[in-house]
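In our numbering, the protein residues as written are -7 to 322. Just so it is clear, CB atoms sit at the ideal spot from N, CA and C, and this is done for glycine as well. Values in this document were obtained by computation on a predicted structure and should not be read as measured data. Read the structure below first, then the notes.
Take a look at the structure:
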């Protein structure tokens, strides 16, 4: 399945541009309405804080505001009494950043502390009220960024996530069919490597998608009029979990089939049995829903010969240990 370059299933550059533009315009006007002499600080926060997911937008907005407040508190009392030069700037940034580090604040907040120290130290003496405007307008920008992210075109991200989920569900069905045909043909090792690489990429993307959906569903619950959207995202998250289990299973068994085919010990009966098993899984995968797994216990049509029953755990442990050793040495 062709991978897109987005890091998040919610990433949409066109929507991001619209949201940044709308939020910047609103925040500028609100800042001007509150009497700010530096209204550009509000849209600056918008541009820096609107991210691909709602949770990231909230976190970056919070970090920027906290870092701004700490930086200004540390510098505003001294800014009028020191000469601005490279030495004093370095001393204040060093001290302020280490204080933020001592408070166990994260990297983003420390960066905002340093940025606020730089700008307040440089501009407060030239423009009275800059420090207060920076705090107020940063707060305005942070709030507007979050509200625009939540309420402006909120369904666009959900629609994209729904489409991605459906696409991966359909692709999983196709992968089971491809694997079935591959097994019938004797498990060509070269094709097996291609399968493994593709499945690994798909699973990694789905894993990221699960995290984004889970975080977004939780965050939506804190905002009025968003409970229904939160439920939709929660359902998508559960469906994605079920789909990713199918990809993980395929990734695991493909390696075993590849080694089996390379060994040349697969009988025609083995090929037919396992090909039929994969075909059955493909039929079940096409009917996947958010509240049911891809397969259930009655989906298993393969059985172990009676004479090998006592060896099944030993063989399973041997295979897992072999995979562990191969992974450690690579």
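{"Query": "CB of residue 63 within 8 angstroms of CB of residue 105, strictly", "Result": "yes"}
{"Query": "Presumed contact (8 angstroms Cβ cut-off) between residue 33 and residue 166, rounded CB distance", "Result": "Going by Cβ atoms, the distance from residue 33 to residue 166 rounds to 51 angstroms, so no, they are not a contact pair."}
{"Query": "Among 28, 29 and 45, nearest to residue 206 - alpha-carbon criterion", "Result": "45"}
{"Query": "Test item: CB-CB of residue 136 and residue 123 under 8 angstroms", "Result": "no"}
{"Query": "Secondary structure of residue 30, DSSP reduced to three states", "Result": "coil"}
{"Query": "Element boundaries [alpha helix (DSSP H), containing residue 194]", "Result": "181 to 212"}
{"Query": "Contact set for residue 327: own chain, Cβ-Cβ below 8 angstroms, skip 5 residues either direction", "Result": "There is simply no residue 327 to check, as the chain begins at -7 and stops at 322 in what is shown."}
{"Query": "Simplified DSSP assignment, three categories, for residue 81", "Result": "helix"}
{"Query": "Beta-carbon proximity of residue 201 to residue 267, cut-off 8 angstroms", "Result": "no"}
{"Query": "The ligand SAM heavy atom lying under 7 angstroms from the CB of residue 104", "Result": "The ligand content of the structure shown is nil, which means the ligand SAM is not present either."}
{"Query": "Residue 277 beta carbon less than 8 angstroms from that of residue 198", "Result": "no"}
{"Query": "Burial state of residue 70 (16 or more Cβ within 10 Å)", "Result": "exposed"}
{"Query": "Inter-residue CB distance, residue 195 and residue 239 (contact presumed, cutoff 8 angstroms)", "Result": "4 angstroms"}
{"Query": "DSSP three-state assignment for residue 73, whether helix, strand or coil", "Result": "coil"}
{"Query": "Reference residue 51, options 190, 8, 98 and 83, closest by Cα", "Result": "98"}
{"Query": "Cβ contact (3+ pairs, closer than 8 angstroms) linking the segment 85 to 93 and the segment 242 to 258", "Result": "no"}
{"Query": "Residue range of the alpha helix (DSSP H) that includes residue 124", "Result": "122 to 143"}
{"Query": "Proximal residues to residue 102 (C-beta, below 8 angstroms), its chain only, five neighbours per side dropped", "Result": "59, 89, 92 and 93"}
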